[in-house]
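Asks: Before I ask anything, here is the structure I am working with.
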Amino acid sequence: SAEAAAAELAGIQAQIHPAAGLALWNRTPDLTHAGYERMLFADRTLVKLWGQRGTLHAYASADWPLVCGMLAGTKSWWGRSADRAEQYDAYAELVERAAALLEEKQVMGRSDLRAAGLTEEAEHLSPWGGIFADLVRHGYACHAARDGEGLFASRSSWLPGLAWDPPERDAANVAMLRRYLRTYGPATLQDFKYWRGVKSADAQRWWAAVEPDLATVVVDGSEQSVLCADLDELLAPTDGLANSVRMLYRFDPFLLAHKDKRWLVPAAHHKQVFRIAGHIEGVILDRGRAIATWRYVRKGRGLTIVVEPFGRISQRVRRKVERIAPRIAAYFDVPLQEIVEQPFSLDTGPRA
């Protein structure tokens, strides 16, 4: 299920809303965009929160307490900014007042903060988070469906039946590390630190707690770690992957899981995938290695797939892309118009 995939992947980066849905679709083939939104905003079995690296993710709703525990005792960018200005106490009080207003209104946006006279400061109302980043961080709020503006819902009204007992920070992060290694291992301490977005001392402490359960393996000459319980699975034959082709979309979890990307993306094409300002393109994988970037473009009532190869694409891969592309269009409930191959360009036009 999409919920199980979100839990196994420890969240799906979701600041680009459709991209998160496609990441889940790649693991849950029957999923549709309408179904993804229903899980988020009607069934509420998925929940959007700011999580690792301070970025927006879609998580299994049952993991909300774990995510809150993972972030406990830390400050958001806005909290740290207030701290540097020696105004943190005032900012923390403002967050608590906003939490009280949210509890009263159940769902609100930035316009409600203005209308209530709580703040007019642009930094506090930032579309990247602001006060709401801390409401989410403290477990008061989650993202609700947009209605002219970004909206946030109180936890008590959104998921009133959710048992709320967040683990303490170290326990939560050790649990998240185990999940990370189960899904993304083999990996290194530096990979986990990068994925989690924390200081070295914190990452080392959590890694040490898990170390007795780790086995060392050598990957392309580099020593990496995997959970001992997963070693047999890692060493099992992978004949089924011999001719596999996958189309992972932008910000897919596999593109974010390791600091060193060379296992997935050839070094010569790193900048084609990992672009300026943190943008990450979708990739076509052939036997687990990226051979092209891709994106979809909505044109009228249809969908066009644009492919930018790193080199020559074989007919075998092209035929598989031709089979996958209509399913991507079906995910959005629109027809596929065409598949376009074009040379790499930094100016790739509109994309989602």
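Per the working numbering, residue 1 is the first one in the sequence shown, and the count goes up by one each step.
C-beta: ideal position from N, C-alpha, C; glycine also.
The structure displayed is predicted, hence computed values, not measured ones.
#1: Taking only the alpha-carbon atoms, compute the straight-line gap between Gly148 and Ser222 and give it to the nearest angstrom.
#2: Going by the DSSP bridge assignment, what does Gly282 pair with across the sheet?
#3: Examine the Cβ distances between the segment 124-140 and the segment 28-37 and report whether three or more of them are shorter than 8 Å.
#4: For Phe310, is the classification buried or exposed, using 16 other Cβ atoms within 10 angstroms of its Cβ as the cut-off for buried?
#5: With His17 as the anchor, note down where its alpha helix (DSSP H) starts and where it stops.
#6: For the structure I just gave you, are there three or more beta carbon pairs, one from the segment 273-289 and one from the segment 229-249, closer than 8 Å?
#7: Applying the criterion that 16 or more other CB atoms from any shown protein chain within 10 Å of the CB defines a buried residue, is Glu3 buried or exposed?
#8: Strictly by DSSP, which residues pair up with Lys320?
#9: Just verifying my parser: in three-state terms, what is the DSSP assignment at Ser244?
#10: Please name the residue in Ile305, Gln337, His143 and Gln272 whose C-alpha comes closest to that of Leu290.
#11: My parser needs the beta strand (DSSP E) runs of 3 or more residues fully inside the segment 38-116; what are they?
#12: Just the C-alpha distance for Trp50 and Ala330, rounded to the nearest angstrom, thanks.
#13: Measure from the alpha carbon of Ala10 to the alpha carbon of each residue in Val334, Asn173 and Gly117, then state which is nearest.
#14: I need the DSSP call for Arg353, collapsed to helix, strand or coil.
#15: So Tyr140 packs on Leu101, CB below 8 Å; how close in whole Å?
#16: Are Arg316 and Asn243 closer than 8 Å when you measure CB to CB?
#17: Is the beta carbon of Gln15 closer than 8 Å to that of Lys46?
#18: Over what stretch of residues does the alpha helix (DSSP H) that includes Pro253 continue unbroken?
#19: Counting pairs of beta carbons, one from the segment 193-201 and one from the segment 254-264, are three or more of them closer than 8 Å?
#20: What's the gap between the Cα of Ala292 and the Cα of Trp78?
#21: Give me whichever residues DSSP pairs with Gln224 in a beta bridge.
#22: Using only the alpha-carbon positions, how far apart do Ala19 and Tyr88 sit?
#23: Nearest to Arg155 by CA position, among Ala62, Gly73, Gly300 and Leu189, is which residue?
#24: Nearest-angstrom Cα distance between Arg53 and Val198?
#25: Enumerate in chain order the residues of its own chain whose CB-to-CB distance from Pro326 is below 7 Å, with the five nearest sequence positions on each side excluded.
#26: How should Gly300 be labelled, buried or exposed, when 16 other C-beta atoms within 10 angstroms of its C-beta is the threshold for buried?
#27: Can you say whether Gly117 is buried or exposed, counting buried as having 16 or more other CB atoms within 10 angstroms of its CB?
#28: Rounded to whole angstroms, what is the Cα-Cα separation between Glu123 and Arg323?
#29: Decide if Pro350 is buried, meaning its Cβ has at least 16 other Cβ atoms within 10 Å, or exposed.
#30: Out of Thr304, Ser314, Gly185 and Arg312, which has the shortest C-alpha to C-alpha gap to Glu338?
#31: Could you work out which residue in Ala144, Leu24, Cys68 and Asp30 is closest to Ala42 when comparing CA atoms only?
#32: Helix, strand or coil, according to DSSP, for Pro309 in the structure here?
#33: Only counting the same chain, and skipping five residues up and downstream in sequence, which positions put a Cβ closer than 8 Å to that of Asp230?
#34: Looking only at C-alpha atoms, which of Val340, His138 and Gly109 sits nearest to Glu308?
#35: Under DSSP, the alpha helix (DSSP H) around Phe132 begins and ends at which residues?
Replies: Let me spell this out:
#1: So the alpha carbons of these two residues sit roughly 50 Å apart.
#2: Under DSSP, Gly282 forms a beta bridge with Trp294.
#3: Taking a cut-off of 8 Å on C-beta distances, the segment 124-140 does not touch the segment 28-37, as fewer than three cross pairs fall below it.
#4: Counting the other CB atoms within 10 Å of its CB gives Phe310 a total of 16 or more, which places it among the buried residues.
#5: His17: member of the alpha helix (DSSP H) spanning His17 to Arg27, first to last residue.
#6: The segment 273-289 is in contact with the segment 229-249.
#7: Buried, since its Cβ has 16 or more Cβ neighbours within 10 Å.
#8: According to DSSP, Lys320 bridges with nothing at all.
#9: Taken through DSSP and simplified to helix, strand or coil, Ser244 comes out as coil.
#10: The sequence given here has Ala at residue 290, not Leu. Out of Ile305, Gln337, His143 and Gln272, Gln272 has the C-alpha closest to the C-alpha of Ala290.
#11: Segments of the beta strand (DSSP E) lying fully in the segment 38-116: 46-50, 56-60 and 107-109.
#12: Going by the C-alpha atoms only, they are around 29 Å apart.
#13: Selected option, being the one with the closest Cα: Asn173.
#14: Nothing about residue 353 can be reported from this structure: the residues present for the chain run from 1 to 352 only.
#15: No, Tyr140 and Leu101 are not in contact; Cβ-Cβ is about 10 Å, not under 8 Å.
#16: Going by beta carbons, Arg316 and Asn243 fall inside the 8 Å limit.
#17: It should be noted that the sequence gives Leu, not Lys, for residue 46. Contact flag unset, no.
#18: Note, Pro253: alpha helix (DSSP H), Pro253 to Leu256.
#19: Taking a cut-off of 8 Å for Cβ pairs, the segment 193-201 and the segment 254-264 touch, as three or more such pairs fall below it.
#20: Between Ala292 and Trp78, the C-alpha separation is close to 37 Å.
#21: According to DSSP, Gln224 bridges with Val217.
#22: Using only the alpha carbons, I get a separation of about 35 Å.
#23: Ranking the options by Cα distance to Arg155, first place goes to Ala62.
#24: Taking the straight line joining both Cα atoms gives about 7 Å.
#25: Around Pro326: Leu336.
#26: Classified as exposed, Gly300 has fewer than 16 neighbouring CB atoms from the shown chains inside 10 Å of its CB.
#27: Burial state of Gly117 is exposed, judged by a 10 Å Cβ sphere holding fewer than 16 other Cβ atoms.
#28: Looking at the two C-alpha atoms, the distance is approximately 46 Å.
#29: In this prediction, Pro350 scores a pLDDT of 43, lower than 50, which makes its location untrustworthy; no coordinate-derived value is stated.
#30: If we check each option's Cα against that of Glu338, Thr304 comes out closest.
#31: The residue with the shortest Cα to Cα distance from Ala42 is Ala144.
#32: Shown here, Pro309 sits in a strand according to DSSP, grouped into three states.
#33: Correct list, in chain order: Leu181, Arg182 and Gly185.
#34: Of the listed residues, the one whose Cα sits closest to Glu308 is Val340.
#35: It spans Ile131 to Arg137 - the alpha helix (DSSP H) in which Phe132 sits, taken as one unbroken run.
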